[in-house]
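Participant: One line per chain: the protein sequences are S and V, in this order. Per our numbering, residue 281 is the first one in the first sequence, and the count goes up by one each step. Per our numbering, residue 289 is the first one in the second sequence, and the count goes up by one each step.
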Amino acid sequence: MTAKSMTRAAFFVLTALADQPRHGYGILRETEELSGGEVHLRVGTLYGVLDRLTADGLIVLDREEVQQGRLRRYYRLTDDGVAALDAEAERMAAGAGAARRRIAEGRRAAARPAAQDPAGLEPPTAPGLAGGFA
Amino acid sequence: MTTLLETRYRTVLRLLPAYYRREREEEMVETYLEDLDRDTQDQSRPTLGEVVSIAALAVRSRLGAAGAPRPYVVLGSVTRLFALAAVLLLAASAVVAPVLRLTWSFTRGGAQRRLFLSEFTDHGVLAGTVAVAQWVLPLGWAVAYFALLRDRPRLARLGVLAAALPSLWPLLRSVTDATPLPEPAFVTMLALLAWLPALALCTAHHRDAPPARLPAGTPGLVFMATCVVTGASLVLLPAVSDLVWGPVNCFVVGALGLLLWSVRRTDRGVPGGALALAVLGLLLLAVRVAALYPWLRVPGAAAYIAGGLAQAGALALLTAVLAVAGRRELAAR
Numbered sequence: 281m282t283a284k285s286m287t288r289a290a291f292f293v294l295t296a297l298a299d300q301p302r303h304g305y306g307i308l309r310e311t312e313e314l315s316g317g318e319v320h321l322r323v324g325t326l327y328g329v330l331d332r333l334t335a336d337g338l339i340v341l342d343r344e345e346v347q348q349g350r351l352r353r354y355y356r357l358t359d360d361g362v363a364a365l366d367a368e369a370e371r372m373a374a375g376a377g378a379a380r381r382r383i384a385e386g387r388r389a390a391a392r393p394a395a396q397d398p399a400g401l402e403p404p405t406a407p408g409l410a411g412g413f414a
Numbered sequence: 289m290t291t292l293l294e295t296r297y298r299t300v301l302r303l304l305p306a307y308y309r310r311e312r313e314e315e316m317v318e319t320y321l322e323d324l325d326r327d328t329q330d331q332s333r334p335t336l337g338e339v340v341s342i343a344a345l346a347v348r349s350r351l352g353a354a355g356a357p358r359p360y361v362v363l364g365s366v367t368r369l370f371a372l373a374a375v376l377l378l379a380a381s382a383v384v385a386p387v388l389r390l391t392w393s394f395t396r397g398g399a400q401r402r403l404f405l406s407e408f409t410d411h412g413v414l415a416g417t418v419a420v421a422q423w424v425l426p427l428g429w430a431v432a433y434f435a436l437l438r439d440r441p442r443l444a445r446l447g448v449l450a451a452a453l454p455s456l457w458p459l460l461r462s463v464t465d466a467t468p469l470p471e472p473a474f475v476t477m478l479a480l481l482a483w484l485p486a487l488a489l490c491t492a493h494h495r496d497a498p499p500a501r502l503p504a505g506t507p508g509l510v511f512m513a514t515c516v517v518t519g520a521s522l523v524l525l526p527a528v529s530d531l532v533w534g535p536v537n538c539f540v541v542g543a544l545g546l547l548l549w550s551v552r553r554t555d556r557g558v559p560g561g562a563l564a565l566a567v568l569g570l571l572l573l574a575v576r577v578a579a580l581y582p583w584l585r586v587p588g589a590a591a592y593i594a595g596g597l598a599q600a601g602a603l604a605l606l607t608a609v610l611a612v613a614g615r616r617e618l619a620a621r
């Protein structure tokens, strides 16, 4: 997980486990809620993600329960899982911050008057090595 | 009491390998059924999306996914090495053959040049488009080879799927035009030679798979060496060459090199190299035989038949040796 970028599904599964251990169905429901309905994991996809996160040491089995004759396994984040989720959240926040700054700069530039006295007649770029503007 | 939906879902889960079902089946059934109304479970079935997700998990768990037992790890490794070796041979062929053809057509005067260009211009828009696609799309093998070795499996998958498409054209035309397929065995084997590596690459290079690596050399150097062997075998013996002549010669050189290298080396590399080449050798042998068979009773094709038979013999021998070496390699681990 550290060598490869984290998938959206893995990110939401880790996020779903960030506050408490959850079982398979609990993770499915939580990922859907956290993503505002955008991430709807199938059971096959969920267990592929859980296998990978377990192999990477980001989650572990917390406990097993039998409910109405059926097996429930609860998973929780490891310290590495918390660190990986934290790093991914930081990376996403940095990306979102950069996007917001660029949007704000773009809006400010658009709000400026297009031509202001003599400056409006100036060439758009500095002269090149040969003194031209091509 | 077990509902009909649970029975149906358990049937779908049978796609998964036994080791995975032992570990996960009860848990997956619980996860799947928890939110569903028990009273309506006898009227519903697992959705197509659910079945597809289980099928994808089944393929991945058989091809060396995280936590898979050793036989599946080896199967995944063999499949990935088979895909890499086949893509390398097909990539070299896809680059060398057009270069030689262009060189020939544009250095032999105006008549040859016009003959070459007429393939694209004289048979209508559809035939011209298909001719261009058949020249351009196979370059996807080269794209896939380099993408795979640069850890870009998605681009590699796109490359092989695009490159394998032209092999379907003769089969498609025989269906749409209702014309009998000339040499159906050869056309089918050629399609298999394209699609088996393509599918192997797409399935075995999943997200959990280790990155593709060559046993020796850099990607560019190995590709160039393969191109040289392919080109030399086409130029030196043009009378006996056909679509598989160059790739088979490269395979023979590569397989001999691997056998010699594995005898001398002391370390244990990626498991399954010899077995992967044995599978590729078997596939090439089938294509070689399918290409050769229609010519066996044609008078005047003695040189072609002799060259083909020599290749078939070398392929059969090397495939057998590689299979034995592969089995010993696995037993020694």
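All residues carry an ideal CB built from backbone N, CA and C; glycine is no exception. Note that the coordinates shown come from a computational prediction; the quantities given were computed from them, not determined experimentally.
#1: So, helix, strand or coil for R651(V), using DSSP?
#2: If we cut at 8 Å on Cβ distances, does G355(V) have a partner in chain A?
#3: Since G588(V) contacts P503(V) with CB under 8 Å, what's their CB separation in whole angstroms?
#4: What would DSSP say about E322(V), mapped onto helix, strand or coil?
#5: For H320(S) versus E312(S), is the C-beta distance shorter than 8 Å?
#6: I want to verify the contact list: residues of chain S whose CB lies under 9 Å from the CB of L292(V), in sequence order.
#7: Are P375(V) and Y297(V) touching if we call contact CB-CB under 8 Å?
#8: Taking the continuous alpha helix (DSSP H) assigned at E344(S), which residues delimit it?
#9: Against chain V, with Cβ distances strictly below 8 Å, would T282(S) count as a contact?
#10: For L548(V), which option in V609(V), A564(V) and L388(V) has the closest C-alpha, if you only look at C-alpha atoms?
#11: By Cβ distance below 7 Å, which residues in the same chain neighbour A376(S) in space, the five residues on each side in sequence not counted?
#12: Counting only runs of 4+ residues fully inside the stretch 473-536 of chain V, write out the alpha helix (DSSP H) ranges in chain order.
#13: Please confirm if A335(S) has its CB atom under 8 Å from at least one CB of chain V.
#14: State yes or no: is the C-beta of A380(V) within less than 8 Å of the C-beta of C490(V)?
#15: Locate the alpha helix (DSSP H) running through R309(S), then write down its first and last residues.
#16: Any chance the stretch 529-544 of chain V sits against the stretch 570-589 of chain V, with 3 or more Cβ pairs inside 8 Å?
#17: Quick one: what's got a C-beta closer than 8 Å to L443(V)'s C-beta in the same chain, skipping five residues either side?
#18: Going by Cα to Cα distance, which pick from A419(V), L603(V), T395(V) and G397(V) is closest to S406(V)?
Facilitator: Answer, in terms of the structure:
#1: Residue 651(V) lies beyond the range of chain V shown here (289 to 621); nothing can be said about it.
#2: Absent here is chain A; the protein component of the structure consists of chains S and V.
#3: To locate residue 588(V), count along the second sequence from 1; it is residue 300. To locate residue 503(V), count along the second sequence from 1; it is residue 215. That belief does not hold up - the Cβ atoms of G588(V) and P503(V) are roughly 43 Å apart, past 8 Å.
#4: Locating residue 322(V) in the second sequence gives position 34, where the first residue counts as 1. Coil.
#5: Working through the first sequence from its first residue, we reach residue 320(S) at position 40. Working through the first sequence from its first residue, we reach residue 312(S) at position 32. Taking a C-beta distance under 8 Å as the contact criterion, H320(S) and E312(S) qualify as a contact pair.
#6: What you label residue 292(V) is simply residue 4 of the second sequence in a count that begins at 1. Neighbours of L292(V) across chain S, judged by C-beta separation under 9 Å, do not exist; the nearest C-beta is about 17 Å away.
#7: Residue numbering aside, residue 375(V) sits at position 87 when the second sequence is read from its first letter. Residue numbering aside, residue 297(V) sits at position 9 when the second sequence is read from its first letter. Note that residue 375(V) is Val in the sequence shown here, rather than Pro. It is not a contact, given that the beta carbons lie outside the stated cut-off.
#8: Against the first sequence, residue 344(S) aligns to sequence position 64. The continuous stretches of alpha helix (DSSP H) do not include E344(S), which lies in the beta strand (DSSP E) extending over residues I339 to Q347.
#9: As a first step, residue 282(S) must be located in the first sequence, where it is residue number 2. Low confidence applies to T282(S): its pLDDT is 44, below 50, so where it sits in the model is not reliable, and the reading given next is rough at best. No, its Cβ sits nowhere closer than 8 Å to a Cβ of chain V.
#10: As a position in the second sequence, residue 548(V) is number 260, starting the count at 1. For L548(V), the closest alpha carbon among the candidates V609(V), A564(V) and L388(V) is that of V609(V).
#11: Here residue 376(S) corresponds to residue number 96 of the first sequence, with the count starting at 1. Here the set comprises nothing.
#12: The DSSP assignment places 507-524 as complete runs of the alpha helix (DSSP H) inside the stretch 473-536 of chain V, in order along the chain (cut-off: 4 residues).
#13: One-based indexing of the first sequence puts residue 335(S) at position 55. Yes - at least one Cβ of chain V is within 8 Å of the one on A335(S).
#14: For the purposes of this step, residue 380(V) is taken as residue 92 along the second sequence, with counting starting at 1. For the purposes of this step, residue 490(V) is taken as residue 202 along the second sequence, with counting starting at 1. For A380(V) and C490(V), no; Cβs fall outside 8 Å.
#15: Position 29 of the first sequence, counted from the start, is the residue given in the question as residue 309(S). First-last of the alpha helix (DSSP H) with R309(S): G304 to L314.
#16: Yes, they touch.
#17: Taking the first residue of the second sequence as position 1, residue 443(V) is located at position 155. Same-chain partners within the cutoff: V431, A432 and A435.
#18: Position 118 of the second sequence, counted from the start, is the residue given in the question as residue 406(V). Among A419(V), L603(V), T395(V) and G397(V), the Cα nearest to that of S406(V) is on A419(V).
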